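Novice: First residue of the sequence shown: 1, per full-length UniProt numbering; consecutive thereafter. Before anything else, here's the structure in question.
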Amino acid sequence: NRLIAWKSALGAFSEHPVLGWGFENFRYAFDARYEPTLLRSGFSETYWDKPHNIFLEMLVTSGVLGLGLFLAVIIMAFYIVLRLSPRDFRPYGLGLLLAYLIQGMVTFDTFGSYLMLFIVFAFLHNY
1 NRLIAWKSAL GAFSEHPVLG WGFENFRYAF DARYEPTLLR SGFSETYWDK PHNIFLEMLV
61 TSGVLGLGLF LAVIIMAFYI VLRLSPRDFR PYGLGLLLAY LIQGMVTFDT FGSYLMLFIV
121 FAFLHNY
């Protein structure tokens, strides 16, 4: 089911690749590239307002520019953990970042998950 939604997301991205469809507008992108196979898939959920993948959501809603900025923040966080944090903290910092990225591949961000991400960043900054 997710794979079908992700296919729709990639198709929608191709229509607005630079700036995307706009924040919180995945539902419109999904409507524009709706996959009828969702109706035949046997799953009860046939409409998605989020792609359940933070990378695809950034790509569709904010284009390559937004995804690039998002990845730059993530890369900077890894840099801080690997280069600027004390050696004994590095496994914990890497674990926190990897946990966020792994869960983000199958779910979507909410205010609560963003709050946790920024708490992690604050923790990394102050360690």
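Each residue gets a CB set at the ideal place from its N, CA and C atoms; glycine is no exception. No experiment lies behind these values; they were computed from the predicted model shown.
#1: Note the first and the last residue of the continuous alpha helix (DSSP H) segment covering residue 23.
#2: Determine the extent of the alpha helix (DSSP H) in which residue 35 is found, giving its start and end residues.
#3: Mind reading off the beta-carbon distance from residue 122 to residue 60? Whole number of angstroms is fine, and I expect it under 8 Å.
#4: Give the range of the alpha helix (DSSP H) segment to which residue 91 is assigned.
#5: Counting C-beta neighbours from all protein chains within 10 Å, is the total for residue 76 16 or more, i.e. buried, or is it exposed?
#6: Nearest CA to the CA of residue 100: which residue from 23, 8 and 120?
#7: Where do the N-terminal and C-terminal ends of the alpha helix (DSSP H) with residue 85 fall, by residue?
#8: Residue 14 by DSSP, collapsed to three states: which one?
#9: Going by DSSP, what residue range makes up the alpha helix (DSSP H) through residue 64?
#10: Under 8 Å Cβ to Cβ from residue 78, same chain only, skipping five residues before and after it: list those, please.
#11: Find the nearest neighbour of residue 17 within the set 32, 26, 65 and 55, judged by alpha-carbon distance.
Specialist: If we stick to the structure as given:
#1: Here residue 23 refers to the residue found at position 23 of the sequence shown. That residue, residue 23, is in no alpha helix (DSSP H); it is neither H nor E in DSSP.
#2: Here residue 35 is taken as the residue at index 35 of the sequence shown, counted from 1. Premise fails: residue 35 is in no alpha helix (DSSP H) and is neither H nor E.
#3: Within the sequence shown, numbered from 1, the residue matching residue 122 stands at position 122. Within the sequence shown, numbered from 1, the residue matching residue 60 stands at position 60. Rounded, the Cβ-Cβ distance is 29 Å, inconsistent with contact.
#4: Against the sequence shown, residue 91 aligns to sequence position 91. Per DSSP, residue 91 belongs to the alpha helix (DSSP H) from 90 to 104.
#5: Stepping through the sequence shown from its first residue, residue 76 is reached at position 76. Taking all protein chains shown into account, residue 76 has fewer than 16 neighbouring C-beta atoms within 10 Å of its C-beta and is therefore exposed.
#6: Here residue 100 refers to the residue found at position 100 when the sequence shown is read from its first residue. Of the candidates 23, 8 and 120, the residue whose Cα lies closest to the Cα of residue 100 is 120.
#7: Taking the first residue of the sequence shown as position 1, residue 85 is located at position 85. No alpha helix (DSSP H) contains residue 85, which DSSP labels as neither H nor E.
#8: Locating residue 14 in the sequence shown gives position 14, where the first residue counts as 1. Coil at residue 14, not helix or strand.
#9: The sequence position of residue 64 within the sequence shown is 64, counting from 1. In the DSSP assignment, residue 64 falls within the unbroken alpha helix (DSSP H) covering 54 to 79.
#10: Looking up residue 78 in the sequence shown gives position 78. Answer for residue 78: 94 and 97, listed in chain order.
#11: Within the sequence shown, residue 17 is the residue found at index 17, counting from 1. Of 32, 26, 65 and 55, the residue nearest in Cα terms is 65.
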